[in-house]
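Asker: Residue numbers (the working numbering): 3 to 222.
(1) Assuming residue 193 and residue 174 make a contact with CB atoms under 8 Å, what is their CB distance in whole Å?
(2) Below 8 Å, how does it come out for the stretch 78 to 90 and the stretch 99 to 117: are there three or more Cβ pairs, yes or no?
(3) For the beta strand (DSSP E) containing residue 137, list its first residue and its last residue.
(4) Hey, could you find the ends of the alpha helix (DSSP H) residue 168 is sitting in?
(5) Looking only at DSSP bridge pairs, what is residue 190 linked to?
(6) The beta strand (DSSP E) with residue 104 in it runs from where to where?
(7) Might you give, ordered along the chain, the residues of its own chain that have their beta carbon closer than 6 Å to the beta carbon of residue 200, omitting 5 neighbours on each side?
(8) Between the stretch 75 to 87 and the stretch 143 to 154, are three or more C-beta pairs nearer than 8 Å?
(9) Do residue 121 and residue 67 have their C-beta atoms within less than 7 Å of each other?
(10) Alpha carbon to alpha carbon, how far is residue 158 from residue 210? Give it in angstroms, no decimals.
(11) Alpha carbon to alpha carbon, how far is residue 56 from residue 133?
(12) How far does the beta strand (DSSP E) with residue 50 in it reach, from first residue to last?
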């Protein structure tokens, strides 16, 4: 994951951001009106919010990533037989189908040519006749495995999930899931241990924007 972030940072340093055009000199895009391209106006919008839409909402330099988020299940540490069974069921009936449906966005510090990467976030939407079923299995995994693990529950509006360290890594992974009508969504992000406290807070604030926008899309 840290290698993925490093490669993404290199891409940002050598190519313009795809989601938003550069700001005029002296402006502060994160707080001022952002130079974002128009959001799509299709009659049948995509199930996943776009980088242009996110940029228009919060003025941040969102872009479509040239990389793909590698979806990781939570690192539970020492497990019990009940946890192992819940993990196996959730993997085969929920987790395993997420990777093929993932869309990845990058978020940079600003619109400048030397912008630094704050982080990437993967969003997936999966069709399910009964969207509550995979959600219930993911919740059951958390219930069975949380225990004394380093993971903690998180929620945001209709989203719920877990956050915590990855095995052998000092960063933190955040994963949320929520259901819609005939489909469900999973969002996963990674906060690198190399980020400053201010940059980490900025990334988490931006993730709130994405979660709100994707929840609205799920409700359509």
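Note that the Cβ used here is the ideal one computed from N, Cα and C, for glycine as well.
Answerer: In short:
(1) Between residue 174 and residue 193 the Cβ distance is about 5 Å, and since that is below 8 Å, they are a contact.
(2) Contact between the stretch 78 to 90 and the stretch 99 to 117 is absent, because fewer than three Cβ pairs lie under 8 Å.
(3) Residue 137: not part of any beta strand (DSSP E); member of the alpha helix (DSSP H) spanning 134 to 147, first to last residue.
(4) Segment: none, residue 168 is in no alpha helix (DSSP H) and carries neither H nor E.
(5) Paired residue(s): 124 and 177.
(6) Per DSSP, residue 104 belongs to the beta strand (DSSP E) from 104 to 110.
(7) For residue 200, there are no CB contacts under 6 Å within the same chain when 5 residues up- and downstream are skipped.
(8) When Cβ pairs closer than 8 Å are counted between the two stretches, the stretch 75 to 87 is seen to touch the stretch 143 to 154, the count reaching three or more.
(9) Not in contact: residue 121 and residue 67 (Cβ atoms no closer than 7 Å).
(10) Each residue's alpha carbon lies about 8 Å from the other.
(11) So the two alpha carbons sit approximately 25 Å from each other.
(12) Where residue 50 is concerned, there is no enclosing beta strand (DSSP E), given that its DSSP letter is neither H nor E.
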